[in-house]
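Per my numbering, the sequence shown runs over residues 971 to 1359. Glycine included, each C-beta is placed from N, C-alpha and C at the ideal position. Here the structure is a predicted model, which is why all the values come from computation and not from measurement. Working notes, beginning with the structure itself.
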Amino acid sequence: MSEIGEPEPPVGVEGTPTPWPGGGYMYRPGEVLAAPEAVAVVQEHVARLKGSRADVESLSHSDLVRVRVDVEVPELIRAMRNVEHDVQPPAVSPNHVLHEFSHIRFFSRLPPVPAQPLPPLTPDERGVGVTVAVIDSGAWDHDWYRGSVQIAANNGEEPDENGNELLDLCRGHGTFVSGLVLQHAPGANVVARRFPGHAMGPAEGRVVVDDVELAAMLDDLGDDVDVVNMSLGGWTEGDTAPPATAAALARLQARNRTCVVVAAAGNEPTTRPTWPAAFKGVIAVGALDPFGEPWEFSATGWWVDAWADGVDAQSTFFVWPGGMEREDGSSDPFDGWATWTGTSFAAPRVSGTIAAMADGHGGARRAARKLFNAADPLAGQFGVVPTLS
971 MSEIGEPEPP VGVEGTPTPW PGGGYMYRPG EVLAAPEAVA VVQEHVARLK
1021 GSRADVESLS HSDLVRVRVD VEVPELIRAM RNVEHDVQPP AVSPNHVLHE
1071 FSHIRFFSRL PPVPAQPLPP LTPDERGVGV TVAVIDSGAW DHDWYRGSVQ
1121 IAANNGEEPD ENGNELLDLC RGHGTFVSGL VLQHAPGANV VARRFPGHAM
1171 GPAEGRVVVD DVELAAMLDD LGDDVDVVNM SLGGWTEGDT APPATAAALA
1221 RLQARNRTCV VVAAAGNEPT TRPTWPAAFK GVIAVGALDP FGEPWEFSAT
1271 GWWVDAWADG VDAQSTFFVW PGGMEREDGS SDPFDGWATW TGTSFAAPRV
1321 SGTIAAMADG HGGARRAARK LFNAADPLAG QFGVVPTLS
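Written out as structure tokens, the structure reads:
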């Protein structure tokens, strides 16, 4: 691929084409996730496909194991799911890869655009005592935050992490999302949590997270977290739930029953489920245009729970003199502010509103129930339009 323009998946990620039977998706090559009792069946099918490797690795906090194989993962999974079994088909899945919306797909169509500053952040009672975890690309320590965004070591982001002297289109996403949460809940405490993709090296220039990594991030959240915002997602083999994340969400709910999880629905105009938004325990948010209609590229479908403004959202961004990773390499200078479009930016409006309505720590679930009970359905769609703070 060229250095500038539509990206291919980063090193360590492969994808099936969208027309792939069961649907296109991204995955870690050479890795499958399985229940321990399914390992023998995995090894049997690897041998049938002329492979010789099926090494088993235990995963912390999980009943799943990772099996490293030397055959093509999509073919292995489909062979195992399609064969007739005397008992229930084995629990086996690719290690699916998820990504921030506006980057891997529609990368060049939806770049951030420089914008005017927002009014100064003046914390008020909305969101006081509430913690919102933003699982994203991390955050840049923007002056506007006034210390309301916690950015621990390894959770920061910079505008040019791959060192090519151009603004990385895959950076700034978490910075932008964090600012949107605070616009709706100025008194909240936002905790930035960055994907571990930087461990691959900044030259990769892409921000993705796999099923196992996302599960570990959810497991690492403290019991003080009231709302989790995930403006990320992806498709899966056969549209089945990614198993590691499913288990981690169940563990999160078990230890913190008042926590609310919100996720963006995705920037692909299809009803195909996007995960983690499609989980029943997650609030999936689609994007509305300025006329209150579904944005033309927003995902739709039975699994979309809520709708919020997502077109030309304005929020915090980098200070950058100009030059961006796009086909012509151009951009106007950014002075710490941008507008951006996508379901990624509808989700934190809902997260922030829930935080604003919560009566301190432990009140997020009550606030979400109140917000949705008062919301009207969106005509012609599944999901409701909550009144934002």
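Residue from Gln1351, Pro1156, Leu1034 and Pro1006 whose Cα sits closest to the Cα of Gly1262 = Ranked by Cα distance from Gly1262, the options Gln1351, Pro1156, Leu1034 and Pro1006 are led by Gln1351.
Determine the direct distance from the alpha carbon of Val1198 to that of Val981, and round the result to whole angstroms.
-> Straight-line Cα distance between these residues: approximately 28 angstroms.
Mind checking whether Leu1202 and Asp1275 have CB atoms under 8 angstroms apart?
-> Contact: no.
Count the CB pairs spanning the stretch 1321-1334 and the stretch 1241-1251 that are closer than 8 angstroms, and state whether there are at least three.
-> no
Could you tell me which residues DSSP puts in a beta bridge with Tyr1115?
-> In the DSSP output, where bridge partners are listed per residue, Tyr1115 has none listed.
Buried/exposed call for Trp1227, threshold 16 Cβ in 10 Å | Here residue 1227 turns out to be Arg, not Trp, going by the sequence shown. It is exposed - the Cβ of Arg1227 has fewer than 16 other Cβ atoms within 10 Å.
Going by beta carbon distance, what residues of the same chain come within less than 6 angstroms of Asp964, once the five residues before and after it are set aside?
-> Only positions 971 to 1359 of the chain appear in the structure, and residue 964 is not among them; the question remains open.
Which residues in the same chain as Ala1220 place their Cβ atom closer than 6 angstroms to its Cβ, once the five residues preceding and following it in sequence are excluded?
-> Cβ within range, chain order: n/a, list empty.
Tell me the DSSP bridge mates of Glu1001?
-> Arg1038
Quick one: is Arg1319 buried, meaning 16 or more other Cβ sit within 10 Å of its Cβ, or exposed?
-> Label assigned to Arg1319: buried.
Touching by the beta-carbon criterion (3+ pairs, under 8 angstroms), the stretch 1129-1143 and the stretch 1184-1193 = no
At least 3 beta-carbon pairs within less than 8 angstroms: the stretch 1253-1272 vs the stretch 1038-1045 = no
Cβ contact check for the stretch 1284-1298 and the stretch 1200-1218: 3 or more pairs under 8 angstroms | no
Reduced DSSP secondary structure (H/G/I, E/B, other) of Asp1209 = helix
Alpha carbon to alpha carbon, how far is Leu1003 from Val1035?
-> So the two alpha carbons sit approximately 6 angstroms from each other.
Asp1259 versus Pro1064 - alpha carbon distance | 35 angstroms
Going straight from the alpha carbon of Met1050 to that of Val1178, what length do you get?
-> 27 angstroms
CB contact below 8 angstroms: Gly1236 versus chain C = The question asks about chain C, but that chain is absent: this structure has only one protein chain.
Do three or more CB pairs link the stretch 1335-1349 to the stretch 1103-1123 at distances below 8 angstroms?
-> no
Name the one or two DSSP bridge partners that Asp1346 has.
-> Val1355
Can you tell me which of the three DSSP states Phe1077 falls into?
-> Residue placement at Phe1077 is flagged as unreliable, the pLDDT there being 43, under the threshold of 50; the coordinate-derived value follows with that caveat. Correct three-state label for Phe1077: coil.
Could you tell me which residues DSSP puts in a beta bridge with Thr1286?
-> Trp1307
Return the CA-CA distance between Val1016 and Ala1211, expressed in angstroms with no decimal places.
-> 23 angstroms
Do you know offhand how far Pro1172's Cα is from Glu1295's?
-> In this prediction, Pro1172 has a pLDDT of 46, which is less than 50 and means its spatial position is unreliable; nothing more can be read from the coordinates.
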